[in-house]
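**Student:** Here the protein sequences line up with chains A and B, keeping their order. Going by this note's numbering, the first sequence opens with residue 170, and the numbers climb by one from there. Going by this note's numbering, the second sequence opens with residue 1189, and the numbers climb by one from there. Note that CB positions come from ideal geometry on N, CA and C, so glycine has one too. Structure in structure tokens, see below.
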Amino acid sequence: MGAMWAWLFLFALIVVFSIIGKGFLSLTNFQNILANMSILAILAFGQTFVIIAAGIDLSTGWVMGMVSVVSAIVMTSLPEGLPLWLVVLSGSLVGILVAIMAGMVNGLLIARLNVPPFIATMGMFGIARGVGFLLSNGMPIPISISGLGRLGNGYLFYHHPEFGWSFLNQPAGLERAQMRQLLGVIPFVLIVMIVLLLIAHIMLSRTKFGLRTYAVGGNKEATLRAGIPVVSQLTRVYVVSAVFAGFAGIVYNLRFTNGAANAGEALQLDSIAAVVIGGASLFGGAGTVGGAMIGALIISVLENGLVIMAINPFWKYIAVGTVIIIAVLIDQARERMVIG
Amino acid sequence: MDNTPSQATPILRLEHVFKRFGGLTAVNDVSVDIYPGEVIGLVGDNGAGKSTLIKMISGVYRPDGGRIYLGEEEITLSSPMEARNLGIETIYQDLALCENLDATVNIFLGKEPLRRMLGIFNQVDRPHMLEESHKVLDRLDIKIPDLSKPIRQMSGGQRQAVAIARALYWNARLVIMDEPTAALGVPEQRKVHELVHTLKDNNVPVIIISHNLQDVFATADRIVVMRRGSKVGDLLAQDTSGDELVSLMVGVD
């Protein structure tokens, strides 16, 4: 229901920008939009679980930053000459481990000690932020490992008017002038996002874990009476959210070849907005990761379109803020209609 | 209908059960036998002790004295979950359903059947759940046109039916219904009465707590009256009247 409106809104935005904005309607620009939205979408996937379970995770943006810093430290402190995959894998594993710890703390505070999600995750917001900045001395950590940037910025296919198609690698021996004509098709980060989307979607719609996430968000008391261990269920929901934040941090490192504590600062509000725009209810019990992806896409299209139309991009913040408030108002009206 | 249940073994037998809260005796020396396929109406004024009595059967409270037998076996219940596992299902006034989920999921919540998918993960077996839901709803003669609709979009009677279907599916040996028609319109109340009869036809005994004597007369075979913690009446429904019940409940002789 909510997701259908999101589709219509997205379609309207694309039509408007295509007509008015010069250069909006092109494969390159669309791929830019998709690649730029990937990190936001990954954060939003994790957030979806939490919002369905009638919670909220304010810490995802800074957990993402903390993981970004930790995995950058691991990647840069490994001895040189190791294969790229091993470097990335080690950095990722340690980063995800850190994310799991943050999620466990959130989950135990909320599920076992009954701290309101808003407060518990705001506490983690501060802690993750502090840890990230402390570990990096407040500066981004450059990761100068050859090939790393190509993972984050490369494409699955390349096309050149003279050299034709090539798979994974750019055609060899291109001159600087020829590089300009090179067209990448399907960014790697988009593939990472789609894989994570599928995993999150299957978890939510097919598994016992997903079903119980909806149940807890719909009626916690009834879930408890049905014999479901609500405490461990809720704890795991916050761990899932943190793990997706961790993935977002790792993708950030590949894309920008540095680790930064504030990597996700601007994405925190957007990730919640994306989930809500995508039809999830902040009262819990409803939402999909597909919806969250459309929400992230809308925000990304908005950002891109405003820039192309030379409108001050700060309007985006106002638009996103307004959309969150409107979405919640609609949600409340729906809730009243059901009760009334 | 079998009017001489004393030849059968009772499903549930309460023997001289007591419950005290501080100086107050909430349930005072109550004995009741409940036979297969019997519907018992439990009536009494507020504070008469009917809820306390029920909570001892559903595992919420432990009695301070007396014995409870389920079939031949004496039982001591320490939690509602334990009672459920023994086949004592309680349908609460607020039904305890997840309104955002459909009837099928609600029936299976907490005991979801799984199927291995691609050798990688366990998938909730929705086709199996749907099939079983249809079976149990057919048994109860309940028609819910669209089982994929969330409970939120169902009528009060349909919700009650889902709650009953859940109880029945897990092979309840005894069903306790707490004020089952409190929030329902007249046609819906009638549907609930039919459901109680269906449970009875399935040989599952039902205890109905109700303020509504119409409810009780429409469904019960036997009516147990409580006043100030004691059982003051145990009457066959066909042999009594509303006036008699009321005078027993308030203590006018």
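By Cβ distance, which residues of its chain are closer than 6 Å to B:G1421, with the 5 residues on each side in sequence left out?
**Tutor:** V1413 and L1436, listed in sequence order.
**Student:** When you compare each of A:E472, A:T491, A:V492 and A:I493 to A:F483 by their alpha carbons, which one comes out closest?
**Tutor:** Of A:E472, A:T491, A:V492 and A:I493, the residue nearest in Cα terms is A:E472.
**Student:** Taking CB distances under 8 Å as the criterion, tell me whether A:T404 reaches chain B.
**Tutor:** No, A:T404 lies away from the interface with chain B (no Cβ there is under 8 Å from its Cβ).
**Student:** Where does A:G292 fall in DSSP's three states?
**Tutor:** The answer is helix: DSSP assigns A:G292 an H, G or I state.
**Student:** Using a beta-carbon distance cut-off of less than 8 Å, what residues from the stretch 1297 to 1324 of chain B approach chain A?
**Tutor:** Those residues of the stretch 1297 to 1324 of chain B that come within reach of chain A (Cβ to Cβ, closer than 8 Å) are L1297, G1298, K1299, E1300, L1302, M1305, F1309, N1310, Q1311 and V1312.
**Student:** Touch check for the stretch 1298 to 1311 of chain B and the stretch 1274 to 1288 of chain B: three-plus C-beta pairs under 8 Å?
**Tutor:** No: the two stretches stay apart, fewer than three of their Cβ pairs being nearer than 8 Å.
**Student:** List, in order along the chain, the chain A residues whose C-beta lies closer than 8 Å to that of B:R1272?
**Tutor:** Neighbours of B:R1272 on chain A, chain order: G396.
**Student:** Going by DSSP, which residues form a beta bridge with B:S1418?
**Tutor:** Bridge partners of B:S1418: B:R1415.
**Student:** Taking the alpha-carbon positions, what's the B:P1268 to B:V1248 distance?
**Tutor:** Spanning the two alpha carbons is a distance of roughly 6 Å.
**Student:** Taking only beta-carbon positions, decide if B:N1288 is within less than 8 Å of chain A.
**Tutor:** Taking Cβ atoms only, chain A reaches closer than 8 Å to B:N1288, which makes this a yes.
**Student:** Can you name the residues of chain A whose CB is closer than 7 Å to the CB of B:V1248?
**Tutor:** Under the 7 Å cutoff, chain A gives no residues; its nearest Cβ is about 11 Å from B:V1248.
**Student:** Taking the alpha-carbon positions, what's the A:R381 to A:A391 distance?
**Tutor:** Cα to Cα, the separation comes out at about 11 Å.
**Student:** Provide the residue span of the alpha helix (DSSP H) that contains B:E1432, from first to last.
**Tutor:** Run containing B:E1432: G1430 to V1438, per the alpha helix (DSSP H) assignment.
**Student:** Who does B:N1310 pair with in a DSSP beta bridge?
**Tutor:** DSSP, once it has assigned bridges, lists B:R1304 as partnering B:N1310.
**Student:** Using three-state DSSP, classify B:V1392 as helix, strand or coil.
**Tutor:** Note: B:V1392 maps to coil in three-state DSSP.
**Student:** Using only the alpha-carbon positions, how far apart do A:G301 and A:G234 sit?
**Tutor:** One C-alpha to the other measures close to 6 Å.
**Student:** Please check if any C-beta of chain A sits within less than 8 Å of the C-beta of B:M1269.
**Tutor:** Answer yes: the Cβ-Cβ gap between B:M1269 and chain A drops below 8 Å somewhere.
**Student:** Give me the Cα-Cα distance between A:N338 and A:G454, rounded to the nearest whole angstrom.
**Tutor:** Spanning the two alpha carbons is a distance of roughly 45 Å.
**Student:** List the residues of chain A that B:A1284 touches, going by C-beta distances under 8 Å, in chain order.
**Tutor:** In chain order: N388, E390, A391, R394 and A395.
**Student:** Based on DSSP bridge pairs, tell me the residues matched to A:F416.
**Tutor:** DSSP output for A:F416 lists no bridge partner at all.
**Student:** Would you say the stretch 411 to 420 of chain A touches the stretch 254 to 267 of chain A, given that touching needs at least three Cβ pairs under 8 Å?
**Tutor:** Result yes; three or more Cβ-Cβ pairs closer than 8 Å.
**Student:** Please decide whether A:G454 counts as near chain B, where near means a Cβ-Cβ distance under 8 Å.
**Tutor:** Cβ-Cβ to chain B under 8 Å: yes for A:G454.
**Student:** Within its chain, find whatever has a CB closer than 7 Å to the CB of B:E1376; leave out the 5 residues flanking it on each side and keep chain order.
**Tutor:** Only S1343, G1344 and G1345 meet the Cβ criterion.
**Student:** Going by alpha carbons, who is nearest to B:E1382 out of B:V1227, B:D1217 and B:N1216?
**Tutor:** Ranking the options by Cα distance to B:E1382, first place goes to B:V1227.
**Student:** For B:D1427, would you say it is in contact with chain A, using Cβ-to-Cβ distances shorter than 8 Å as the test?
**Tutor:** Closer than 8 Å: no.
**Student:** By Cβ distance below 6 Å, which residues in the same chain neighbour A:G433 in space, the five residues on each side in sequence not counted?
**Tutor:** Same-chain partners within the cutoff: G230, M233 and G234.
**Student:** Please classify A:L325: does DSSP put it in a helix, a strand, or coil?
**Tutor:** Strand at A:L325.
**Student:** Secondary structure at B:K1207, three-state DSSP: helix, strand or coil?
**Tutor:** Of the three classes helix, strand and coil, the one that applies to B:K1207 here is strand, per DSSP.
**Student:** When the Cα of A:A442 is compared with those of A:I463, A:A429 and A:F425, which residue comes out closest?
**Tutor:** The residue with the shortest Cα to Cα distance from A:A442 is A:I463.
**Student:** According to the neighbour-count rule (16 or more other Cβ atoms, all chains shown, within 10 Å of its Cβ), is A:P311 buried or exposed?
**Tutor:** The residue in question, A:P311, is exposed, as its Cβ has fewer than 16 Cβ neighbours within 10 Å.
**Student:** Span of the beta strand (DSSP E) holding B:W1358?
**Tutor:** No beta strand (DSSP E) contains B:W1358, which DSSP labels as neither H nor E.
**Student:** Could you name the residues of the same chain whose beta carbon sits closer than 8 Å to that of A:G509, not counting the 5 residues immediately before and after it, in chain order?
**Tutor:** With a pLDDT of only 40 at A:G509, under 50, the local geometry of the prediction cannot be trusted, and the value read off the model is given with reservation. If we look at A:G509 and ignore the five residues flanking it on each side, it has no Cβ neighbours.
**Student:** Residue range of the alpha helix (DSSP H) that B:N1294 falls in?
**Tutor:** Looking at the DSSP string, the run of the alpha helix (DSSP H) that includes B:N1294 is A1291 to F1296.
**Student:** Determine the chain D residues that contact B:V1363 at a beta-carbon separation under 7 Å, and present them in chain order.
**Tutor:** Protein chains in the displayed structure are A and B, and chain D is not among them.
**Student:** State buried or exposed for A:V274, treating a residue as buried only when at least 16 other CB atoms are found within 10 Å of its CB.
**Tutor:** It is buried - the Cβ of A:V274 has at least 16 other Cβ atoms within 10 Å.
**Student:** Does the beta-carbon of B:S1336 have 16 or more other beta-carbons within 10 angstroms, so that it is buried, or is it exposed?
**Tutor:** Exposed, because fewer than 16 other Cβ atoms sit within 10 Å of the Cβ of B:S1336.
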